[in-house]
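6 protein chains.
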Amino acid sequence: MVPKVEGPEDIHYVDRLLAQLEARAGLERPILVHALLETARGVNEVEAIAAASPRMQGMSLGPADLAASRRMKTTRVGGGHPGYRVLADPSGDAERSGTQQDLWHYSLARMVDACAAAGILPFYGPFGDIKDVEGCEAQFRSAFILGCVGAWSLHPVQIDIAKQVFSPDPHEVAFARRVIEAIPDGQGVHMIDGKMQDDATWKQAKVMVELADLLEARE
Amino acid sequence: MVPKVEGPEDIHYVDRLLAQLEARAGLERPILVHALLETARGVNEVEAIAAASPRMQGMSLGPADLAASRRMKTTRVGGGHPGYRVLADPSGDAERSGTQQDLWHYSLARMVDACAAAGILPFYGPFGDIKDVEGCEAQFRSAFILGCVGAWSLHPVQIDIAKQVFSPDPHEVAFARRVIEAIPDGQGVHMIDGKMQDDATWKQAKVMVELADLLEARE
Amino acid sequence: MVPKVEGPEDIHYVDRLLAQLEARAGLERPILVHALLETARGVNEVEAIAAASPRMQGMSLGPADLAASRRMKTTRVGGGHPGYRVLADPSGDAERSGTQQDLWHYSLARMVDACAAAGILPFYGPFGDIKDVEGCEAQFRSAFILGCVGAWSLHPVQIDIAKQVFSPDPHEVAFARRVIEAIPDGQGVHMIDGKMQDDATWKQAKVMVELADLLEARE
Amino acid sequence: MVPKVEGPEDIHYVDRLLAQLEARAGLERPILVHALLETARGVNEVEAIAAASPRMQGMSLGPADLAASRRMKTTRVGGGHPGYRVLADPSGDAERSGTQQDLWHYSLARMVDACAAAGILPFYGPFGDIKDVEGCEAQFRSAFILGCVGAWSLHPVQIDIAKQVFSPDPHEVAFARRVIEAIPDGQGVHMIDGKMQDDATWKQAKVMVELADLLEARE
Amino acid sequence: MVPKVEGPEDIHYVDRLLAQLEARAGLERPILVHALLETARGVNEVEAIAAASPRMQGMSLGPADLAASRRMKTTRVGGGHPGYRVLADPSGDAERSGTQQDLWHYSLARMVDACAAAGILPFYGPFGDIKDVEGCEAQFRSAFILGCVGAWSLHPVQIDIAKQVFSPDPHEVAFARRVIEAIPDGQGVHMIDGKMQDDATWKQAKVMVELADLLEARE
Amino acid sequence: MVPKVEGPEDIHYVDRLLAQLEARAGLERPILVHALLETARGVNEVEAIAAASPRMQGMSLGPADLAASRRMKTTRVGGGHPGYRVLADPSGDAERSGTQQDLWHYSLARMVDACAAAGILPFYGPFGDIKDVEGCEAQFRSAFILGCVGAWSLHPVQIDIAKQVFSPDPHEVAFARRVIEAIPDGQGVHMIDGKMQDDATWKQAKVMVELADLLEARE
């Protein structure tokens, strides 16, 4: 695990050191590398980091270091902040409603693209407020929906949350199975429950079903 | 229409093939190219794709393929997902409110910038749930606000939605006309209804009014 | 202040002109440059712009010009737009709720990363609707949370808003001081109020406390 | 004429200054730029310099500044140096012969390629020893053969040399005309005086004949 | 064989076309590509061309097209030109001696480096004057010494020249065998006939001996 | 001394290792790095290598490894090869003269430019044939003229050669002093012995005189 990766040169350096250690130890299976994305410059170069070496196994977003690097004004480790919100237009005398926004959308979405393009695994990192199980669950689920395959657990209670969150919803899995049954070869355009299905939704369904099958097989 | 564009080299390839076909067929007007942005790597290289050839006419976001490429956990084609939300801080014993977030903000905003910088047209792609006319309308309008000039229609009902959404709001057009009347040459700083107007808002008003006039002229 | 910066070449040009003027005038302290990020191409190249010259002091997001450059369909200068929203799934016969989204998340987050990586200061620019003090406050606070250090004020009332917003929340400062007291050297893992604290949260706390101390010293 | 060009950024700077001067003066024909290649870094970036702007008209090799920039140990302006030679293998007791080498081959050949690829004109610059007419002629002719279209003249005697040298040899022109007569359309393979002629030699012949015709027309 | 390669994009295009043809024809062994280096822009990008695809097998210098592309003033296909010479300093009243220079040194040396770095084979191309067997031999041998592995033959007489030239000199092979015998493992520093031998000369000797063994085995 | 440098990443790696060793040892003066240019890929990237780190002190051409890497057909360490020659055109029945060419012109000239642009020192490496003092002297002098500041010595006899060669010729130094006396400020155009002198030749003269003064001061 390589912390505070700033650019591909950090991975290259680790790559060579590991190659020398492996050679000395006579290892045949390469040691893999997991990078922590936790600086502003790292985000700027996330695509190059993800593709820096065949050793790259995955990447985790580290929200606390990243926040400090950007001078974001939050002392939380992951999760939202009540100050980041969009205010609705005024409507008569009623109090104007505001909706809180996701602090991490850009960072997480760009990291997921970088990882997917390089064929490595994106993870969400730590959620610091261990008592806030609901907040943790919301954060983990958002990361899961956006494409992450897992998260860090700082406490046993978070392991349970992660187990639950990083498994696809049974209703969605059932729907995905129907899509695959209806279009076994992924070709043509079909309607299921009034929703268009084609090779693209078939691929989405595959992602869902394969993950469900994999998790079932593990248990 | 070129699907699953991964990088500028895909456009270069199509560019040359078309040049040879045009030469053989004796065509004088170049055949234009519309690219589908529907892979993680494509998003990483969207600026280079948009600028890859003078044939580039526009680009559409394909949310289903893109979701599959990123392993996003949604089987929907466009629209939101209830699992992507930010949870508000707890407040007494009341149930904590959460606000759903836009899955596509990063992808769409970056694509719009890439297209605008290259002088080509950004489109939102398909919305799969044909029965969900409200969801379709919300998705189309978000894309419109962020800079897209149109969307795909999978069904006649979506054509009507698109027609309505991709026309600017009459109130905004009226306001924009007032801005342009008040500052015909786009210079200086003015206040209209307590809102500062200058060359920048004048340009915004131009975007709005020109689109309205164009659409009116078509009908 | 350099408006409508499109790429690093704009900064290079200003850089050389200033060098010649400084040489002619016999200046010894270099004149610094503040760039306005207000075009689509500028966002595409924001990292290169931020790092284009040691003269770069900071960068401001100009939402009105940027919106016009992208053909976003808003005539407002900063703030949200009611048309950019995500619609929740239907739930029985109740009206579907929708939540408004932040138009500027991607642009602002990417600009903050570019600035932080280059060691320069990110600002939010103007908020045009002077009468809408609540909207202004929400916009300024969002920018502050995401990492900006200030904003432009078009009117005395906005100066007061800015003063209030760009100071960290006293509760958060108090909490940050507790973090630093508990882990003076920023090492090890500690729990405070059930929230994990380590070198990363310690750095976040430092950002908060240093800003508070700086502002206090000024007054 | 832009001296001591180090990289494309130097041309970009001149480009913008000229654009502003032209705009102020209401000029319609763009002012062109001729760059002097006379630093080591300039040679490193010669391809980028040649392609830096549509204003680029040509480039000249400045051997004295280039020699100083490289710390070459010659005080001559162009021409050879007796110290740069290759020694033949010893052969019995005879004195070993050595052959003097061209100091400028790499610099000139790379500059010609950069210019040809960018569609601009390569020139040899000054030859400093005005009394050495034979040396001047040899230097000019070498540059001509390698692809330059002209040279600088520091004295009337050098003008005469240049006129003579930068005209193709009448025997070669006559041969080139025979090639073009024999293969008017530049297709197929032919033998002339036992030398293979094809589309490539036809193009060489074209270069020769067109230059001869152009020079004849001028007189 | 791909003529007039200007940059890696030409190889990419051929690469994809071949991939499609192979797929249609059910071929399992990939069709390889040999590129002709015969334009100024090609030389500028020769490293990228050599590394453009795993299909790249080798590259040949095409001197006639290259000369035309550069507007070199020669109508010959390969070989030297009497006009490209360096003049010695005057020495009393004796006629000044001049030494003819190699027109192709830069182009050939850079191409050899590009090929060697990419692991592909460099060739010299055609020599046009079929009657000039001595000139052909000199040209072929120069290319051989600089690192080429072969040349094109336009006539049976050139085949014999090529066979003779592209075999290493028996005296050099004998010397190389002595080097390898003296330092079988390529380690340490040794003196043979007063010439320092180490791992580097051992590698040179290997190149020589392996080529000799390979050619012997073929016959 | 870093052998077989292939690209800037090799220097980066050494750079970091040294930084860690220096930190551990408490060194305050940075350890400098001298790179050996002795592979084809190294030549392709020589500009990036020279500029890879502020630790770079200089670079040496290693002709034996470079020859092996390129499969040049020479077993010598530096110097020329009788097989690399240009043949003059036939002239009656006389034997055609050929002139031997410099195997290393491109490699050395490009390395000198890379070093000069990066502000580091270029050296010629070893000359293997210790008995061939004339050949050694010719090789060293060529490197000196082209811009190298020194060479390696494998034997005491080569130290003497190097001392003599890498000092500028007294006649040239005397001439250079006259240039500087005649134009003390390096401005304007002057004639000395019929040779044009200006700011460029003044700089050449400076190179010569400063080297002479430096060497004199050392003795």
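Order-wise, the sequence lines are chains A, B, C, D, E and F.
124 is the number of the first residue of the first sequence in our numbering; add one for each residue after it.
124 is the number of the first residue of the second sequence in our numbering; add one for each residue after it.
124 is the number of the first residue of the third sequence in our numbering; add one for each residue after it.
124 is the number of the first residue of the fourth sequence in our numbering; add one for each residue after it.
124 is the number of the first residue of the fifth sequence in our numbering; add one for each residue after it.
124 is the number of the first residue of the sixth sequence in our numbering; add one for each residue after it.
Glycine included, every Cβ here is placed at the ideal spot set by N, Cα and C.
Contact check, residue i vs residue j, beta carbons under 8 Å
i: residue 206 of chain F; j: residue 246 of chain F; result: no
i: residue 170 of chain C; j: residue 240 of chain C; result: yes
i: residue 305 of chain A; j: residue 320 of chain A; result: yes
i: residue 181 of chain B; j: residue 244 of chain B; result: yes
i: residue 252 of chain D; j: residue 202 of chain D; result: yes
i: residue 221 of chain C; j: residue 209 of chain C; result: yes
i: residue 288 of chain F; j: residue 260 of chain F; result: yes
i: residue 232 of chain C; j: residue 136 of chain A; result: no
i: residue 162 of chain B; j: residue 184 of chain B; result: no
i: residue 290 of chain C; j: residue 225 of chain C; result: no
i: residue 270 of chain F; j: residue 152 of chain D; result: no
i: residue 323 of chain A; j: residue 340 of chain B; result: no
i: residue 298 of chain E; j: residue 196 of chain F; result: no
Span separating the alpha-carbon of residue i from that of residue j
i: residue 248 of chain A; j: residue 175 of chain A; result: 21 Å
i: residue 199 of chain E; j: residue 263 of chain D; result: 20 Å
i: residue 283 of chain E; j: residue 318 of chain D; result: 18 Å
i: residue 127 of chain A; j: residue 142 of chain C; result: 36 Å
i: residue 276 of chain F; j: residue 250 of chain F; result: 8 Å
i: residue 329 of chain C; j: residue 316 of chain C; result: 18 Å
i: residue 191 of chain F; j: residue 281 of chain E; result: 27 Å
i: residue 172 of chain B; j: residue 134 of chain B; result: 7 Å
i: residue 179 of chain F; j: residue 160 of chain F; result: 13 Å
i: residue 296 of chain B; j: residue 309 of chain B; result: 17 Å
i: residue 342 of chain D; j: residue 294 of chain D; result: 20 Å
i: residue 303 of chain B; j: residue 148 of chain B; result: 47 Å
i: residue 333 of chain C; j: residue 154 of chain C; result: 27 Å
i: residue 177 of chain E; j: residue 177 of chain A; result: 18 Å
i: residue 132 of chain C; j: residue 166 of chain E; result: 28 Å
i: residue 144 of chain B; j: residue 125 of chain E; result: 20 Å
i: residue 313 of chain E; j: residue 254 of chain F; result: 14 Å
Residue i (DSSP reduced to helix, strand or coil)
i: residue 222 of chain F; result: strand
i: residue 278 of chain F; result: coil
i: residue 143 of chain B; result: helix
i: residue 284 of chain C; result: helix
i: residue 165 of chain E; result: helix
i: residue 337 of chain D; result: helix
i: residue 272 of chain E; result: coil
i: residue 156 of chain C; result: strand
Q | Short-range partners of chain C found in the stretch 172-184 of chain D, where Cβ spacing is below 9 Å | A | Nothing from the stretch 172-184 of chain D brings a Cβ to less than 9 Å from some Cβ of chain C.
Q: Taking only beta carbons into account, state which residues of the stretch 154-171 of chain E come closer than 9 Å to chain D, listed in chain order.
A: For the stretch 154-171 of chain E, the set of positions with a beta-carbon nearer than 9 Å to some beta-carbon of chain D reads 161, 162, 163, 164, 165, 166, 167, 168 in chain order.
Q) Considering only residues of the stretch 207-270 of chain C, which uninterrupted alpha helix (DSSP H) runs meet the minimum length of 4 residues and lie entirely inside it, listed in chain order? A) Complete alpha helix (DSSP H) runs here, min 4: 228-241, 256-269.
(Q) If the cut-off is 9 Å on Cβ atoms, which residues from the stretch 245-276 of chain C count as contacting chain B, listed in chain order? (A) Going along the stretch 245-276 of chain C in chain order, one finds 249, 250, 251, 252, 253, 254, 255 with a Cβ nearer than 9 Å to chain B.
**Q.** Runs of alpha helix (DSSP H) wholly within the stretch 175-207 of chain C (minimum 4 residues, chain order)
**A.** With a minimum length of 4 residues, the continuous alpha helix (DSSP H) runs that stay inside the stretch 175-207 of chain C are 186-193.
(Q) So if I threshold CB-CB distances at 7 Å, which residues from the stretch 313-327 of chain E count as touching chain F? (A) So the list reads 317, 318, 319, 323, 324, 326, 327, given in the order they occur along the chain.
(Q) Please give me, in chain order, every unbroken run of the beta strand (DSSP E) with length at least 3 that falls completely inside the stretch 297-333 of chain D. (A) Runs of the beta strand (DSSP E) spanning 3 or more residues and lying entirely within the stretch 297-333 of chain D occur at 313-315, 318-320, in chain order.
Q: With 7 Å as the C-beta to C-beta threshold (strictly closer), list the residues of the stretch 193-213 of chain F near chain E in chain order.
A: If the cut-off is 7 Å between Cβ atoms, the stretch 193-213 of chain F has 193, 194, 195, 196, 197, 198, 200, 204, 206, 207, 208, 209, 210, 211, 212 near chain E.
Q: Check distances from the C-beta atoms of the stretch 129-155 of chain A to those of chain F and list, in chain order, the residues that come in under 7 Å.
A: Within the stretch 129-155 of chain A, the qualifying residues are 132, 135, 136, 139.
Q. Taking any Cβ of chain F, which residues in the stretch 229-240 of chain E have a Cβ under 7 Å from it, in chain order?
A. Residues of the stretch 229-240 of chain E with a C-beta atom less than 7 Å from some C-beta of chain F are 229, 232, 233, 235, 236, 237, 239, 240, listed in chain order.
Q: Identify each residue in the stretch 278-303 of chain F for which the Cβ-Cβ distance to at least one residue of chain D is less than 8 Å, and report them in chain order.
A: Those would be 291, 292, 295, 298, 299, 302, in chain order.
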